[in-house]
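Q:
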Amino acid sequence: MIDIIMDSVIDSLKLIPFLFLTYLFMEALEHKTGSLARKRIRTAGKFGPVWGGLLGVIPQCGFSAAASSLYAGKVITVGTLLAVYMSTSDEMLPIMISNAVPVSVMLRILACKAGIAIFSGLMIEYVYVHVMKKREKDMDVHVLCEEEHCHCEHGIVKSAVVHTLKIFIYIFLISLALNIIIGLVGENTLAELFTGIPVMGEIIAALVGLIPNCASSVVITQLYLDQIIGAGAMMAGLLVNAGVGLLVLFRLNKNRKENLKIVGALYVLGVFWGVVIELLGIVF
Numbered sequence: 001m002i003d004i005i006m007d008s009v010i011d012s013l014k015l016i017p018f019l020f021l022t023y024l025f026m027e028a029l030e031h032k033t034g035s036l037a038r039k040r041i042r043t044a045g046k047f048g049p050v051w052g053g054l055l056g057v058i059p060q061c062g063f064s065a066a067a068s069s070l071y072a073g074k075v076i077t078v079g080t081l082l083a084v085y086m087s088t089s090d091e092m093l094p095i096m097i098s099n100a101v102p103v104s105v106m107l108r109i110l111a112c113k114a115g116i117a118i119f120s121g122l123m124i125e126y127v128y129v130h131v132m133k134k135r136e137k138d139m140d141v142h143v144l145c146e147e148e149h150c151h152c153e154h155g156i157v158k159s160a161v162v163h164t165l166k167i168f169i170y171i172f173l174i175s176l177a178l179n180i181i182i183g184l185v186g187e188n189t190l191a192e193l194f195t196g197i198p199v200m201g202e203i204i205a206a207l208v209g210l211i212p213n214c215a216s217s218v219v220i221t222q223l224y225l226d227q228i229i230g231a232g233a234m235m236a237g238l239l240v241n242a243g244v245g246l247l248v249l250f251r252l253n254k255n256r257k258e259n260l261k262i263v264g265a266l267y268v269l270g271v272f273w274g275v276v277i278e279l280l281g282i283v284f
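The sequence shown: position 107 = 107 (UniProt numbering), numbered continuously.
#1: Could you check the C-alpha separation between Gly245 and Gly183 for me, to the nearest Å?
#2: Residues in its own chain within less than 6 Å of Leu122 by CB, not counting five upstream and five downstream?
#3: Work out the CA separation of Leu165 and Ile10 for me, nearest whole Å.
#4: Closest by CA to Pro94, which one among Ile124, Ala66, Leu24, Ala72?
#5: Distance, Cα to Cα, Met106 vs Val240?
#6: When you compare the stretch 68-82 with the stretch 97-105, are there three or more beta-carbon pairs, one atom per stretch, that lie closer than 8 Å?
#7: Measuring alpha carbon to alpha carbon, tell me which of Phe20, Arg251, Met235 ends up nearest Lys113.
#8: Helix, strand or coil: which one does DSSP assign to Asn255?
#9: Among Leu238, Met200, Leu225, which one has its Cα closest to the Cα of Ser217?
#10: Do the CB positions of Gly209 and Val275 come within less than 9 Å of each other?
#11: Taking the alpha carbon of Val283 as the reference point, which residue from Asn259, Leu269, Leu225, Leu247 has its own alpha carbon closest?
#12: Assuming contact is defined by CB atoms lying nearer than 9 Å, are Phe201 and Ile181 in contact in what I supplied?
#13: In this structure, does DSSP put Glu202 in helix, strand or coil?
#14: So, helix, strand or coil for Glu91, using DSSP?
#15: Could you spell out the range, first to last residue, of the alpha helix (DSSP H) harbouring Thr77?
#16: Is the CB-CB distance between Glu91 and Ile167 below 9 Å?
#17: So which of Asn259, Leu173, Gly281, Ile204 has the shortest CA-CA distance to Leu13?
#18: Let's test the definition: count the other Cβ atoms within 10 Å of the Cβ of Asp56 and tell me whether it reaches 16, buried, or not, exposed.
#19: In whole angstroms, give me the CA-to-CA distance for Pro198 and Met86.
#20: Put Asp3 into one of helix, strand or coil per three-state DSSP.
#21: Would you check if the distance between the CB atom of Gly115 and the CB atom of Gly53 is smaller than 9 Å?
#22: Within 10 angstroms of the Cβ of Ile262, are there 16 or more other Cβ atoms? Answer buried if so, exposed if not.
#23: Reducing DSSP to helix, strand and coil, say where Ile212 ends up.
#24: Within 10 angstroms of the Cβ of Thr80, are there 16 or more other Cβ atoms? Answer buried if so, exposed if not.
#25: Excluding the five sequence neighbours on either side, which residues of its own chain have a C-beta within less than 6 Å of the C-beta of Asn259, listed in chain order?
#26: Closest by CA to Ile58, which one among Tyr267, Thr221, Ser89, Phe47?
#27: I'd like to check one pair, Val161 with Glu125: are the Cβ atoms closer than 9 Å?
#28: Can you give the beta carbon distance from Ala215 to Tyr267, rounded, assuming they're within the 8 Å contact cut?
#29: Which residue marks the beginning of the alpha helix (DSSP H) containing Val50, and which one marks its end?
#30: With a threshold of 16 other CB atoms inside 10 Å of the CB of Met6, please say whether the residue is buried or exposed.
Have a look at this one:
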């Protein structure tokens with residue numbers, strides 16, 4: 001047990017410099033592009049899902065939360081909202097960078113997420129408007145005034161330090177838990193839990209991805225990097241990983257039935273695309 005704890009501590013400590021530099025870059029990018037991205041989403045019109053999918057891959061603080069607020073205020077459509085949710089990657093990118101994952105691999109994953117998000121958003125939009133004959137409600141300015149913030153306004157260095165420490169703790173605890181589980185049951189046995197039964201890996205990963213917390217994307221990314229889950233399960237989990245965006249949606253949008261339908265659609269789409277990726281044998 002002492003060896004497991006020490007290995008987890010050492011492995012996690014090695015990531016701190018890379019995490020800090022990554023978050024510092026992300027904070028600087030957010031301060032420069034955040035407001036422009038939100039404005040582009042607001043004015044996208046029928047091309048909302050396209051812009052939502054493209055801008056969602058940019059590592060920005062609280063982008064899914066902002067999209068939820070815009071949806072609750074009826075500024076963007078449900079297709080655009082889902083495109084943003086499916087495109088955002090939460091903590092995937094910083095963890096992959098800190099683990100020295102090749103840039104080409106990260107770009108392929110981001111491109112795949114963006115492509116799936118755009119296509120899914122456009123399809124949802126078409127079904128909502130042309131098949132179900134639904135019509136978006138008028139804008140509610142009052143809701144927009146309650147937009148959630150991720151407290152990134154306190155300076156990029158301080159925000160980067162806070163993000164780094166928080167994710168370091170998550171990584172350490174998750175690495176410790178995984179090392180203990182692997183030590184007890186074996187890596188092959190754990191991997192078989194996700195791969196032994198068809199589709200089960202995607203179903204479980206998507207359930208984990210729905211947890212509105214940074215830890216969920218950390219778990220999924222770490223399992224993928226440790227080769228315990230495959231590309232399909234990883235993508236299923238990350239496609240549904242909207243982070244705090246789901247919490248903001250339930251807080252601001254008073255139509256609980258509508259919120260549950262959105263979460264249900266997000267989950268089904270995540271599992272579906274994860275299974276497709278696995279069946280096609282796609283690797284990144």
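The beta-carbon is built from N, C-alpha and C at its ideal position, and this holds for glycine as well.
A: In short:
#1: For the pair Gly245 and Gly183, the Cα-to-Cα distance works out to about 35 Å.
#2: Same-chain partners within the cutoff: Pro49.
#3: The C-alpha of Ile10 lies about 15 Å from the C-alpha of Leu165.
#4: Distances from the alpha-carbon of Pro94 to those of Ile124, Ala66, Leu24, Ala72 put Leu24 closest.
#5: Taking the straight line joining both Cα atoms gives about 18 Å.
#6: A contact is defined here as three or more CB-CB pairs under 8 Å, and the stretch 68-82 fails this definition with respect to the stretch 97-105.
#7: The candidate whose alpha carbon is nearest that of Lys113 is Met235.
#8: In this structure, Asn255 counts as coil in the three-state DSSP scheme.
#9: By alpha-carbon distance to Ser217, the top candidate from Leu238, Met200, Leu225 is Leu238.
#10: Against a cut-off of 9 Å, the Cβ pair of Val275 and Gly209 comes out as no contact.
#11: By alpha-carbon distance to Val283, the top candidate from Asn259, Leu269, Leu225, Leu247 is Leu225.
#12: The amino acid at residue 201 is misidentified as Phe; the sequence shows Gly. No, the pair does not count as a contact, with Cβ atoms beyond the cut-off.
#13: Assigned with DSSP and collapsed to three states, Glu202 falls in helix.
#14: Looking at Glu91 - three-state DSSP - the assignment turns out to be coil, as it is neither helix nor strand.
#15: Element bounds for Thr77: n/a, residue is neither H nor E.
#16: Contact flag set, yes.
#17: From the listed residues Asn259, Leu173, Gly281, Ile204, the smallest Cα separation to Leu13 is found for Leu173.
#18: Sequence inspection shows Gly at residue 56; the Asp mentioned does not correspond to that position. Buried, because 16 or more other Cβ atoms sit within 10 Å of the Cβ of Gly56.
#19: C-alpha separation (whole angstroms): 23 Å.
#20: Reduced to three states, the DSSP call for Asp3 is helix.
#21: Yes.
#22: By the neighbour-count criterion, in which 16 or more other beta carbons inside 10 Å mark a residue as buried, Ile262 falls on the buried side.
#23: As written in the sequence, residue 212 is Pro, which differs from the Ile given in the question. Pro212 falls in the coil class under three-state DSSP.
#24: Around the Cβ of Thr80, a 10 Å sphere holds 16 or more other Cβ atoms; the residue is buried.
#25: The answer, listed in chain order, is Leu249, Phe250, Asn253.
#26: Ser89 is the residue among Tyr267, Thr221, Ser89, Phe47 whose C-alpha sits nearest the C-alpha of Ile58.
#27: Judged by their CB atoms, Glu125 and Val161 are not nearer to each other than the 9 Å cut-off.
#28: The pair is not a contact, with the Cβ atoms about 18 Å apart (cut-off 8 Å).
#29: Unbroken alpha helix (DSSP H) run through Val50: 48-56.
#30: By the C-beta density criterion, Met6 is exposed, having fewer than 16 other C-beta atoms within 10 angstroms.
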